[in-house]
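Written below as structure tokens is the structure these notes are about.
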Ligand SMILES: Nc1ncnc2c1ncn2[C@@H]1O[C@H](COP(=O)(O)OP(=O)(O)O)[C@@H](O)[C@H]1O
Ligand SMILES: [Mg+2]
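Have a look at this one:
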């Protein structure tokens, strides 16, 4: 369970980017995160991934009350979180295999196990034949599938995706959403920022909507209805 209570975020001495944000994410839930450009979606994802400290309020992640004064306590929480970005952020000097294997190498898993896991996961995302390629030789959709494999290889409880289909066309986006749906069915909690009403209508899930720093929670049915009206 993830809980934000009256969380605010302010950068420097400007006004609050996020004001009084409260919500709960149940384990295994899938939420879209929407809002106009500059609404604070990436900021909220940075808070959820513990890369950014809140200016006010309380955050509880998986039973741990987040306290930036005790940074060592945050390490095990961070390990349970996977991240996917709009621009993939693969390491270009490493092969597809090495990119996906990296989180397991850091965890010091035995080589044989790493090989097995990475092979399985690359087959799952449909890139078993690209295992020794370098990212620059892959299409955008393929690079994003590698980044999804890298994000989930440690079996995170929470997967955060910041506009993962923002650079991809609709057919490819649909393919990626099917991967997210499978992860969701296996119990992963997902928060995905998006601007795409077609995706929200096609794969209905509840929505966290940011407007002027205020967060509104919508049911899947409400989300679909808003998408149909073209007013995410
Ligand atoms: N590191 C930062 N320092 C100062 N201001 C920032 C920083 N990151 C984002 N902002 C500001 O916070 C607001 C929300 O940005 P962001 O979270 O990126 O929104 P979104 O992802 O919805 O487009 C914007 O006004 C942006 O300029
Ligand atoms: Mg953003």
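Residue numbers (our numbering): 19 to 250.
The beta-carbon is built from N, C-alpha and C at its ideal position, and this holds for glycine as well.
Contact set for residue i: own chain, Cβ-Cβ below 7 Å, skip 5 residues either direction
i, result
"residue 144", "163"
"residue 247", "none"
"residue 23", "40, 75 and 76"
For residue i, the residue or residues it bridges with in DSSP
i, result
"residue 229", "232"
"residue 207", "176"
"residue 100", "177"
"residue 39", "25"
Own chain, CB closer than 6 Å to residue i, minus 5 neighbours either side, in chain order
i, result
"residue 42", "21"
"residue 224", "49, 237 and 238"
"residue 31", "none"
"residue 114", "148, 149, 151 and 164"
"residue 89", "none"
"residue 168", "117 and 118"
"residue 202", "48 and 208"
Three-way DSSP call (helix, strand, coil) for residue i in this model
i, result
"residue 200", "helix"
"residue 32", "coil"
"residue 181", "coil"
"residue 219", "helix"
"residue 86", "coil"
"residue 292", "Residue 292 lies beyond the residue range present for the chain, which begins at 19 and ends at 250; the question has no answer from this structure."
"residue 49", "strand"
"residue 241", "helix"
"residue 147", "helix"
"residue 191", "helix"
"residue 123", "helix"
"residue 92", "helix"
Beta-carbon separation (whole angstroms), residue i vs residue j, contact threshold 8 Å
i, j, result
"residue 98", "residue 226", "At roughly 20 Å, the Cβ-Cβ gap does not stay under 8 Å, so residue 98 and residue 226 are not in contact."
"residue 250", "residue 39", "Contact flag wrong, Cβ pair sits at about 18 Å."
"residue 36", "residue 51", "The Cβ separation is near 12 Å, so there is no contact."
"residue 208", "residue 198", "6 Å"
"residue 153", "residue 120", "Wrong, their Cβ atoms sit about 13 Å apart, outside the cutoff."
"residue 179", "residue 210", "4 Å"
8 Å Cβ shell around residue i - same chain, five flanking residues per side excluded
i, result
"residue 194", "159, 162, 163, 166, 182, 183 and 186"
"residue 68", "79, 84, 92, 95, 96 and 99"
"residue 245", "215, 216, 218 and 219"
"residue 229", "53, 54 and 57"
"residue 19", "42, 43, 44, 45, 78, 80 and 81"
"residue 172", "97, 100, 121, 122 and 125"
Start and end residues, beta strand (DSSP E) containing residue i
i, result
"residue 23", "20 to 27"
"residue 76", "74 to 79"
Where the alpha helix (DSSP H) containing residue i begins and where it ends
i, result
"residue 113", "Neither: residue 113 is in no alpha helix (DSSP H) and is coded neither H nor E."
"residue 160", "158 to 170"
"residue 130", "129 to 142"
"residue 66", "59 to 66"
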